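Reading the sequence shown from the start, the letters are residues 18 to 524 in my numbering. In what follows, a single structure is set out as structure tokens and then discussed.
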Amino acid sequence: MTMTLDQAHLGTRGMRPAAFERRGGPRGRHRSSVEYAAALLLVCLVFLWPQPAGAQLVGDTPTAARAADGSYISWREHVIDEPATAGFGLSGSDGLVMADLDNDGFEDIVSVHESDSEYDSTVPDPDYVPDAEGHVRVAFGSADPDAWTNVTIAEGADAPAPEDADIADVNGDGYLDVVVAAELSHLIYLQNPGADARGAKWPRLILPMTKGRGSYIRVFLADLDGDGVPEMTAPNKGAQRPAPEDFARSTPVSIFSVEGDPLKGGNWTETVLGRYSVPQNAEPVDIDGDGDLDIVVGTRGENRILFFENPGDGSLDFREHAIGIYGARAAGFNLEYADLNGDGRLDIIGAAGGGLAWLEQPARIDDAWNAHVIGTFAPDSMTGLEVADINGDGRLDVMAGSYSRGPREGDGDVDKDDALGRIGWFEHPGDASGEWVRHDVSRRKRGMYDKFIARDVDGDGDVDFLGTRGNSAPYDGVFWLEQVRSETPHPAFERARSEDSPEMPLP
């Protein structure tokens, strides 16, 4: 997402509506005796949890993070959606996006949950019918940040292994619709039924030119040509689990345009921007600062990023530009965009060279972009990112998550030196080229923290985060992290559950 300093706390893909500001008052400052007793019990459980001798668990370590007002920053976990609330084995939680879907003044959450299927779509097959696995869920919000109504709006063959989603009013009826990228087959459009969005079935269309064609991992909605109707952008990476032969062939990054009723397949048109080895991003962002939306592409097979320049004339004749990076390589799966050094140009934040880096945009956009190190989670594999002013000092920090590479349905025989599931944030040093400070929040044996959205969820004036968690059944789902400020250091992380994948020490 493109962010200015004032907008950075608003999260990905869209601004916070004014109604969101009215959610409740400050929370987490006054709690009942029952809540205190529960918290005390949780602390006891935490310290009785088995751990390696002499090693302190990350979440139990007293926080050293400080806010601009001198208070200490720690985090409290809240569960929004999980198998227990879903009533079935919800797992593989990935994409996450927020907007007010039912026009009640409160933002809602669209999340996608994929299955670990064995199908690998290396050969296009329009007649293929995927297994009935995968779910698209909506958590409808309310004035209480701990009260959500969770419903499924698509599942099974309609949404096989869904990886990503986005939201916009595609049909122009005043209600926001949803599009989903399914790793096992296709792109699907889900039309908001309107006033009964919580109870009615969402009409749908699998885009016919995508059915059984490959593996879609990202999807975005944005008005690229200025006609008031959003286009869809998506990379087709070719296969859910690319094999060597998949890396050797090229698959498309495309724009999908609609004229007329979006529920009619013949009204959609595909414009192929280019073909690449395992493309995995196609994000609309005004990267060149000229007032229209360009498209940033990342490719895993070529380990590079590039962008397509919007011609600005209402056409889709986008022109490709390489993004040459001095000092790093980047495949561009999860990227964030912000002016970190205050020069008026958007920089790019993402995983590079085994860690996290920011890429400084040059005065001439086609010159080399300098890579600056932010930090690393090594040996943990960094994935989810979000940019926001976490400590209130007026500078943009980076929240990040990693994904565990061990067993997904049991904690297994892993140790602190394996790639585990971590949450942490990197504090802006003042000079973005300086040394960023890492603040570790939690490190579990299992967890994939793929997406974060920054919001002031509880309305207390500081930045909280919503996120998804996968790779850790039965604890997968959607959660939010409450930023807690205190006069003395608290443990860095307060768990939502008494039973969960165990916390681990740092390597």
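Using N, Cα and C, we set each Cβ at its ideal position, and we do this for glycine too. Keep in mind that this is a model prediction, so the values were computed, not measured.
Sub-7 Å separation of Arg-455 and Phe-469 beta-carbons: No, they are not a contact pair.
Within 7 Å, strictly: CB atoms of Ala-85 and Asn-408: In contact: Ala-85 and Asn-408 (Cβ atoms closer than 7 Å).
DSSP three-state assignment for Val-246, whether helix, strand or coil: Coil.
Whole-angstrom distance between Asp-144 and Ala-355, CA atom to CA atom: About 43 Å.
Proximal residues to Thr-505 (C-beta, below 8 Å), its chain only, five neighbours per side dropped: Closer than 8 Å at Cβ, skipping near neighbours: Tyr-89.
Proximity of Glu-520 and Leu-74 at Cβ, strictly below 7 Å: Annotated as proximal: Glu-520 and Leu-74, with beta-carbon spacing under 7 Å.
Beta-bridge partners of Ile-407, as assigned by DSSP: Among the bridge pairs identified by DSSP, Ile-407 is matched with none.
Check whether Gly-392 and Leu-373 have beta carbons under 7 Å apart: The beta carbons of Gly-392 and Leu-373 sit closer together than 7 Å.
Ala-171 beta carbon less than 7 Å from that of Leu-207: A contact, by the Cβ cut-off of 7 Å.
Phe-123, buried or exposed, once every other Cβ within 10 Å from all chains shown has been counted against 16: Buried.
Chain-order list of residues whose beta-carbon lies under 8 Å from that of Leu-363 (same chain, five-residue window excluded): Cβ within range, chain order: Thr-19, Val-302, Asp-303, Ile-304, Gly-306, Tyr-354, Ala-355, Asp-356, Gln-378.
CA nearest to the CA of Gly-370, picked from Asn-320, Glu-337, Val-458: Out of Asn-320, Glu-337, Val-458, Asn-320 has the C-alpha closest to the C-alpha of Gly-370.
Ala-82 burial status per 10 Å Cβ neighbour count (16 or more: buried): Around the beta-carbon of Ala-82, 16 or more other beta-carbon atoms lie within 10 Å, marking it buried.
Between the CA atoms of Pro-524 and Asp-434 - distance to the nearest angstrom: CA-CA distance, Asp-434 to Pro-524, rounds to 5 Å.
Pro-424 in three-state terms, based on DSSP: In this structure, DSSP gives Pro-424 a state outside helix and strand, which the three-state scheme calls coil.
C-alpha gap between Pro-225 and Leu-323, whole angstroms: C-alpha separation (whole angstroms): 28 Å.
Residue range of the beta strand (DSSP E) that includes Glu-94: 89 to 98 is the extent of the beta strand (DSSP E) around Glu-94.
Residues that DSSP places opposite Arg-321 in a beta bridge: Residue pairing from DSSP places Arg-321 in a beta bridge opposite Thr-316.
Residue environment, Ser-294, which counts as buried when at least 16 other CB atoms sit within 10 Å: By the Cβ neighbour-count rule, Ser-294 is buried, with 16 or more other Cβ atoms within 10 Å of its own.
Same chain only: Cβ atoms within 7 Å of Asp-397, ignoring 5 sequence neighbours per side: If we look at Asp-397 and ignore the five residues flanking it on each side, its Cβ neighbours are Ser-419, Ala-436, Leu-437, Arg-439.
Proximity below 7 Å, CB of Val-127 to CB of Val-195: Cβ atoms of Val-127 and Val-195: closer than 7 Å.
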